[in-house]
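Below is one structure; the comments refer to it alone.
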Amino acid sequence: MKVHWLQSPLRQSLLTYRFYSIPLIFGDKPIAEVYLSLNDPHSFMLLQVLSDLETRFNITFKLYLVTEQTPSPEVNVPLLKKWALKDANYIASKYGLSHVEQFPGTKTLITGHQTWLLYVKNVQDALSVFKDTWFNQYTDHFPLSTPVITAQINNQRKLFKRGHHATGSIFFCGEWFLGVDRLEHLEFLLNEKGLSKEGEKVTYDKNRLQIFDKQDTPTTEADIIAFVSLNCPFSYLGLLQAKKLSIHYNIPLVIKPLLPVSMRGVIVPEYKQRYMVIDAAREAKKLNIPFKGYVDPLKEGVINIYKIFLFAQQQNKSFEFMEAAFKAVFVEEIDLSFDKNIKKICQQIKLDYSLAIEFGKTNNWQQWSDQNHSTLNNMGLWGVPCFSYKEIFCWGQDRLVQIEDAILSS
């Protein structure tokens, strides 16, 4: 995967020309494609704010209904659905949107799909179908039909052809914007293109940490716990932000590394890896965090770091060690499979390399890594990064504001 090309201005210029400049020749307004799943609560949240965006910007949304996403093999589907409802309702509470209590039943979903194909022409039509489906407001029901299935399969193919995987996403100007959480980036882009009707206003930015100035430091015996994985760019971003919370609120940060899913037998499609790198680079720029490239640390690189992580932790240098390892991967583009590079990291943070290597020979890193994974599963989560504080836990560096809210409320 050519990371420098993914982040290059030339690539973005070519995408802008293809998906923005050329279509303008044939249309009155710029068009953004929106891919939604009727059984996805995050799609419902996104759909609820599209009218606001159409009001504030000179843009038209073209809607595509696709089939429900198939989760990765390592994902527990009931846990995924439970998390999706909880997270979607968190978004709803942040932006004053409709909450959802449970997923639609099969008969209601089939009717919703059929109704979409027959009646949806714009955002308001689509929103009516989503509301009727999620709030079970149909009195008559349609049977499953071949045209509905065919239309959704074709839309799904278009989504994959565009190089993306997730529903509840917007494609505009060659870029992807996943859910309400990435609308801030879309707003910046629309402002940059001069498409705003009311000045360069950004509304969907409520997932940022506030780092409130408090005269009184919260008194607590709890820790901020960060579950991270060395090859995950969002783990890198999340860990640095978690440390910021730790320092500001004077709360210890405990790091629990996990084995990457690719080393647990899960195949991650290249288009998903590509989007993650592009999105992480975009988030890093917003957060003013260095992010220049990516040297995959899988297998030997991960093992080399994990073997001596516990030693660094015993020396009270766990954060410094993981930060240096993450920067080697995502900033300095250093291959961690070479011992000489591990030695440089140890020297950089004043960690005795010889003692660390000796410790690594007897440290059963797989045991504690598996235990960290079990702990995460017991919380009802499975991916990284995840964070917890007392009884509050969240998935994704976007949700660290929930940890901050919990700290302040305590």
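Heads up: the sequence shown is residues 35 to 444, going by the working numbering.
Every residue, glycine too, gets a C-beta built ideally from N, C-alpha and C.
Computed from a predicted structure; not experimentally measured.
* Whole alpha helix (DSSP H) elements within the segment 315-375, 4-residue minimum -> 334-348 and 352-364
Notebook entry, point to check: What's the call for lysine 19, buried or exposed, on a 16-neighbour Cβ count within 10 Å?
Noted result: No statement about residue 19 is possible, as the shown extent of the chain runs from 35 to 444 and does not include it.
* Asked: Where does the unbroken beta strand (DSSP E) through leucine 223 begin, and where does it stop?
  -> Counting along the chain, leucine 223 falls outside any beta strand (DSSP E), though it belongs to the alpha helix (DSSP H) covering 217-226.
Continuous alpha helix (DSSP H) stretch holding threonine 149: start and end: 140-153
Quick check on this structure: which residue in Asp159, Val154, Glu135 and Asn170 has the alpha carbon closest to the alpha carbon of leucine 143? Asn170
Discussion item. Rounded to the nearest angstrom, what separates valine 154 and serine 42 at their Cα positions?
Written reply: Each residue's alpha carbon lies about 38 Å from the other.
### Message
Nearest by alpha-carbon distance to arginine 433: which of Pro57, Arg45, Lys120 and Leu48 is it?
### Response
Lys120
Supposed contact pair leucine 114 and leucine 70 - C-beta distance, whole angstroms, cut 8 Å:
About 18 Å separates the beta carbons of leucine 70 and leucine 114, which is beyond the 8 Å limit, so they are not a contact pair.
Practice problem: Any chance you could list the alpha helix (DSSP H) runs of at least 4 consecutive residues sitting entirely within the segment 69-112, in chain order? | Solution: Runs found: 75-90.
Exercise for review: Excluding the 5 residues preceding and the 5 following phenylalanine 206 in the sequence, name in chain order all residues of the same chain whose CB lies nearer than 6 Å to its CB.
Suggested key: Ala66
Does the distance from the C-beta atom of tyrosine 305 to that of histidine 199 stay below 9 Å? yes
If glutamate 221 sits next to leucine 271, beta carbons under 8 Å apart, how far is it from one beta carbon to the other, in whole angstroms?
Their Cβ separation, rounded to whole angstroms, is 20 Å, which puts glutamate 221 and leucine 271 out of contact at 8 Å.
request  = Tell me the start and end of each unbroken beta strand (DSSP E) in the segment 268-292 that is at least 3 residues and wholly inside, in chain order.
outcome  = 287-291
task: Kindly indicate which residue of Lys227, Gly335 and Asp239 has the alpha-carbon position closest to the one of serine 55.
output: Lys227
- Item | Continuous alpha helix (DSSP H) stretch holding serine 296: start and end | Per DSSP, serine 296 belongs to no alpha helix (DSSP H) and is neither H nor E.
Just mark glycine 394 as buried or exposed, buried being the case when its beta carbon has 16 or more other beta carbons within 10 Å. Its Cβ being crowded by 16 or more others within 10 Å, glycine 394 is buried.
Proximity below 9 Å, CB of valine 214 to CB of asparagine 225
no
Exposed or buried, which one is asparagine 350 when buried takes at least 16 other CB atoms within 10 Å? exposed
### Query
Applying the criterion that 16 or more other CB atoms from any shown protein chain within 10 Å of the CB defines a buried residue, is leucine 279 buried or exposed?
buried
_So, at 7 Å on beta carbons, what are the nonlocal neighbours of serine 77 in its own chain, with the 5 sequence-adjacent residues on each side left out?_
Leu70, Ser71, Thr201 and Gly202, listed in sequence order.
* Length-filtered (3 minimum) beta strand (DSSP E) runs lying within the segment 370-428 -> 420-423
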